[in-house]
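Colleague: Numbering (the numbering used here), first residue to last: 1 to 353.
1. Return the chain-ordered list of same chain residues with a C-beta closer than 7 angstroms to the C-beta of residue 66, the five sequence neighbours on each side being excluded.
2. Can you look up residue 352 in the DSSP assignment and give me helix, strand or coil?
3. Could you check whether the region 254-268 touches the region 212-222, counting it as contact only if at least three pairs of C-beta atoms, one from each stretch, sit closer than 8 angstroms?
4. Do residue 54 and residue 34 come within 7 angstroms of each other at the CB atom, strictly closer than that value?
5. How would you label residue 42, buried or exposed, when you count the other beta carbons within 10 angstroms and need 16 or more for buried?
6. Round the Cβ separation of residue 207 and residue 154 to the nearest angstrom and send it over; I've been treating them as touching at under 8 angstroms.
7. Grouping DSSP H, G and I as helix and E and B as strand, with all else coil, what is residue 91?
8. In angstroms, rounded to a whole number, what distance separates the CA positions of residue 237 and residue 345?
9. Can you give me the C-alpha to C-alpha distance between residue 212 and residue 329, rounded to a whole angstrom?
10. Can you give, in chain order, each stretch of the alpha helix (DSSP H) that sits fully within the region 206-274 and has at least 4 residues?
11. Under 8 angstroms: do the region 177-196 and the region 308-319 share three or more Cβ pairs, one atom per stretch?
12. Quick one: any contact between the region 71-85 and the region 143-159, if contact means 3 or more CB pairs under 8 angstroms?
13. Rounded to a whole number of angstroms, what is the C-alpha to C-alpha distance between residue 263 and residue 201?
14. Is residue 107 buried or exposed, if buried means 16 or more other CB atoms sit within 10 Å of its CB?
15. Would you say residue 241 and residue 195 are within 7 angstroms of each other, going by their C-beta atoms?
16. Ends of the beta strand (DSSP E) at residue 314?
17. Does residue 259 pass the burial test, meaning 16 or more other C-beta atoms within 10 Å, or should it be called exposed?
18. Spatial neighbours of residue 148 within its chain, please: CB distance less than 8 angstroms, with the 5 preceding and 5 following residues excluded, ordered by chain position.
19. Using only the alpha-carbon positions, how far apart do residue 130 and residue 159 sit?
20. From residue 97 to residue 352, what does the alpha carbon distance come to, in whole angstroms?
21. Based on DSSP bridge pairs, tell me the residues matched to residue 132.
22. Leaving out the 5 sequence neighbours to the left and right, which residues in its chain are closer than 8 angstroms to residue 306 when beta-carbon positions are compared?
23. Grab me the residues of residue 99's own chain with a C-beta within less than 8 angstroms of its C-beta, minus the 5 sequence neighbours each way, in chain order.
24. Between which two residues does the beta strand (DSSP E) harbouring residue 53 extend?
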């Protein structure tokens with residue numbers, strides 16, 4: 001990879017971001033994640049071109065890093081010393097990591113009992129102060145928004161516009177890699193900041209002549225946490241995909257605008273479909289992604305079979321988080337290790353060699 005690919009988001013896309021000479025060069029070499037062409041799933045579905053944007057290879061294992069780096073850099077520029085966020089896991093890991101790298105304090109508010117231990121461990125190891133409160137993510141977000149309004153802390157959830165600015169760079173990378181925008185971009189929708197950011201990025205590149213087309217955006221929600229699909233907030237969202245377990249998305253309006261402007265759609269898939277897609281992705285492509293990341297694959301499979309996505313189109317699925325973020329969900333659906341007491345002959349018998 002060239003020197004440009006090793007740069008972080010701010011240096012690589014400086015001309016496209018709201019940064020200046022006073023903005024510190026915060027950098028954990030986020031971004032530049034691979035766009036992996038499907039070798040098996042795409043051909044099995046009869047698709048001419050299917051790709052996976054593997055955001056799980058960002059520094060803390062999720063797409064959150066590319067938005068967080070810009071939010072943190074701007075917070076420092078504005079004099080902040082303390083970062084705060086509400087989180088179901090990935091945001092907390094990212095905020096804590098960037099705070100640690102800049103010698104800042106990080107405060108993380110989480111809904112009690114509703115966060116993967118792996119994600120929680122990241123925030124704790126990076127040195128964040130983690131506080132659990134009753135209720136769901138929406139309650140946690142309301143609390144930190146109130147805190148940021150009355151105390152000297154910088155809120156770095158996706159309601160922070162700099163998060164969207166950083167996250168849009170993933171759209172730039174896709175166009176840079178493909179030479180144009182895809183026909184379809186399929187991604188999970190939770191708090192809905194990411195679908196908003198991708199649409200912003202694609203539109204900016206298109207307006208500048210860097211792409212000839214705009215993609216249709218397809219968002220996947222979980223059936224138990226599908227407020228946009230249902231058209232009303234979900235008081236008690238339920239899904240195995242904790243990263244999109246959100247009942248009242250902060251970027252709801254912008255997400256529906258992105259959907260409508262792009263001529264796309266947002267639909268819901270079941271937890272069963274999500275877990276099946278997770279195993280399919282790992283076994284067929286060698287890519288391990290957390291459950292939320294697999295919701296768009298489950299939706300793609302359905303849409304292709306229904307004839308709602310053309311087989312000669314180019315599609316990109318965004319894998320927002322690494323599977324190691326929440327391995328328990330996957331481990332419940334695979335065979336456990338086999339234990340034997342014997343030599344190579346016994347092993348060969350068990351393996352039917």
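Just so you know, even glycine gets a beta-carbon here, dropped at the ideal spot from N, CA and C.
Modeller: For this structure:
1. 9, 30, 31, 58, 166, 167, 169 and 170
2. coil
3. yes
4. yes
5. buried
6. Wrong, their Cβ atoms sit about 30 angstroms apart, outside the cutoff.
7. helix
8. 51 angstroms
9. 40 angstroms
10. 227-230 and 252-262
11. yes
12. yes
13. 16 angstroms
14. buried
15. no
16. 314-319
17. buried
18. 84, 154 and 155
19. 20 angstroms
20. 46 angstroms
21. 110
22. none
23. 72, 83, 105, 106, 126, 127 and 128
24. 49-54
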